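Structure, as structure tokens:
Numbering (our numbering), first residue to last: 417 to 904.
See below:
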């Protein structure tokens, strides 16, 4: 079965469509420039023939200069709306030849300008949004397809991706570039651990098909490689049978030690298909802790509540609720609408995203987090805190602490007062430094700008391997400068 939903961007010629590049002044020239010059190109170099459009439209530049974080703004000189993968290859090859920086932007859900390019070119992947096939052997999709679109198409066939990030309104390519974590990962690993194949365009404009047998080093490096070696243009995603329902259990704890102990039991026996947790405001002030787990099923079979909750000891409330499978997976969409209604979705969102080793998680919470954290520091957002098994994470550049159990700790901040952004960024920096001191890592989607030395420490013994792939596939260092890994 083949499905396609190519976006209806206008691809025809326009006054703002770029036709050439002026290497002397390092500016793009449009048809309007040519008309003003009477057709004289003055040594300009014509851009390759494109199926889509390279534009200097002010609205396109402004959109590409922003992201979900609303903290950093870097304006590109042009935006490519590709009509094909060939456009991506031709444009990157052209930019490589003329030393022009490039990044690919999907839904713009970065928080610190990671997909922005000052004075370079941003590739808008939303026009690469075809679903080429769906079936028991998996889904073949373009990088700009949203996970919600893929999930709905798979559900039409009774199928589902094996693991999904919590927020579905982001692109396949974007998630595969950073890692992708969520409540399903304890059994099967992160999103990047569940990919059969990628289509990739290197920083030198070469197309590569990568899987476990073909171009394996690039396959493993690009998944979680932060766009440093090129861009993912498509992927084959494995699918499995989709359940009809999920029974969600919410268990509240007032004692952090009891909460952590029960979470360890759950992560080790993997009795639930979905497994997350939160730090939540306590009724009388301070903080409580919530385990949020789910059992997937299709009637007439039904979860055994007693067996699933055996051995757990919450001292607060316990609630049990059934949800349709898609409604549960798409739950963040309802939160998004509420935040939009409050006017908080498009304000600065300085998120903090960390991974902590199990051996230090309690000390980190008790000494570095809970005494200093206030509800205002979270705003209308939430704090996620849940464990997963380190051995399920297989991609070499999706870096994790050195412990058998790893904790994801995310403060998804939506502050009520935008003037507190700088203070919250400083708090993110403190939390990051304390986490690193305890063997932690940053999940590189958070609002902490790392120095080059910190990036070297982040990759550790794999940094030379990272540099080797960079040198092999992006020798001129044009790809994804917003990450700040290679500042030269």
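The beta-carbon is built from N, C-alpha and C at its ideal position, and this holds for glycine as well.
Computed from a predicted model, the values in this text were never measured in an experiment.
Between the beta-carbon of residue i and the beta-carbon of residue j, is there less than 8 Å?
i: residue 591; j: residue 563; result: yes
i: residue 611; j: residue 571; result: no
i: residue 751; j: residue 597; result: no
i: residue 619; j: residue 646; result: yes
i: residue 561; j: residue 547; result: yes
i: residue 503; j: residue 466; result: yes
i: residue 809; j: residue 609; result: yes
i: residue 559; j: residue 587; result: yes
i: residue 636; j: residue 812; result: yes
i: residue 584; j: residue 658; result: no
i: residue 674; j: residue 762; result: no
i: residue 621; j: residue 442; result: no
i: residue 687; j: residue 724; result: yes
i: residue 775; j: residue 833; result: no
i: residue 649; j: residue 617; result: yes
I'd like to confirm something about residue i: is its beta-carbon nearer than 7 Å to some heavy atom of the ligand GTP, or not?
i: residue 716; result: Absent from the structure shown: the ligand GTP. Ligands present: none.
Measuring only the C-alpha atoms, how far is residue i from residue j?
i: residue 765; j: residue 527; result: 7 Å
i: residue 577; j: residue 523; result: 20 Å
i: residue 507; j: residue 678; result: 52 Å
i: residue 904; j: residue 439; result: 20 Å
i: residue 720; j: residue 888; result: 53 Å
i: residue 459; j: residue 879; result: 42 Å
i: residue 737; j: residue 715; result: 15 Å
i: residue 769; j: residue 855; result: 15 Å
i: residue 628; j: residue 468; result: 32 Å
i: residue 643; j: residue 696; result: 34 Å
i: residue 422; j: residue 623; result: Note that residue 422 scores a pLDDT of 45, beneath 50, so its modelled location is shaky; the value from the coordinates is reported in the next line. The straight-line gap from Cα to Cα measures roughly 21 Å.
i: residue 875; j: residue 815; result: 7 Å
i: residue 700; j: residue 670; result: 11 Å
i: residue 683; j: residue 604; result: 12 Å
i: residue 510; j: residue 520; result: 15 Å
i: residue 902; j: residue 793; result: 32 Å
i: residue 729; j: residue 668; result: 9 Å
i: residue 883; j: residue 479; result: 31 Å
i: residue 853; j: residue 847; result: 10 Å
i: residue 748; j: residue 602; result: 20 Å
i: residue 821; j: residue 710; result: 20 Å
i: residue 790; j: residue 676; result: 21 Å
i: residue 843; j: residue 850; result: 11 Å
i: residue 717; j: residue 745; result: 20 Å
i: residue 739; j: residue 525; result: 27 Å
i: residue 755; j: residue 485; result: 14 Å
Can you tell me which of the three DSSP states residue i falls into?
i: residue 702; result: coil
i: residue 891; result: coil
i: residue 469; result: strand
i: residue 740; result: strand
i: residue 710; result: strand
i: residue 601; result: helix
i: residue 424; result: Unreliable positioning characterises residue 424 in this predicted model, as indicated by a pLDDT of 41, which lies under 50. The coordinate reading is nonetheless provided below. It is coil, neither helix nor strand.
i: residue 431; result: Its pLDDT being 48, under 50, residue 431 is placed unreliably in this model, and the coordinates cannot settle the point.
i: residue 875; result: helix
i: residue 577; result: strand
i: residue 659; result: coil
i: residue 501; result: helix
i: residue 679; result: helix
i: residue 783; result: helix
I believe residue i touches residue j by the beta-carbon criterion, under 8 Å. Please report the beta-carbon distance rounded to the nearest angstrom.
i: residue 845; j: residue 872; result: Rounded, the Cβ-Cβ distance is 18 Å, inconsistent with contact.
i: residue 493; j: residue 537; result: 7 Å
i: residue 758; j: residue 796; result: 6 Å
i: residue 663; j: residue 713; result: 7 Å
Using C-beta distances below 7 Å, list every residue in its chain close to residue i, excluding the 5 sequence neighbours before and after it, in chain order.
i: residue 692; result: 599, 708, 800, 802
i: residue 798; result: 694, 828
i: residue 477; result: 491, 492, 495
i: residue 630; result: none
i: residue 436; result: 445, 457, 460, 461, 462, 463
i: residue 656; result: 575, 576, 578
i: residue 906; result: With the chain covering 417 to 904 only, the question about residue 906 has no answer from this structure.
Whose C-beta lies closer than 8 Å to the C-beta of residue i among residues of the same chain, with five residues either side of it excluded?
i: residue 515; result: 892, 894
i: residue 672; result: 705, 778, 781, 782, 786
i: residue 569; result: 419, 547, 550, 555
i: residue 566; result: 547, 555, 557, 577, 588, 653
i: residue 817; result: 771, 772, 773, 806, 855, 856, 857
i: residue 837; result: 487, 764, 766, 831
i: residue 633; result: 885
Only counting the same chain, and skipping five residues up and downstream in sequence, which positions put a Cβ closer than 6 Å to that of residue i?
i: residue 517; result: 533, 536, 894, 897
i: residue 890; result: 619, 645
i: residue 497; result: 425, 468, 469, 540, 543
i: residue 826; result: 769, 800
i: residue 899; result: 530, 642
i: residue 613; result: 627, 652
i: residue 665; result: 709, 736
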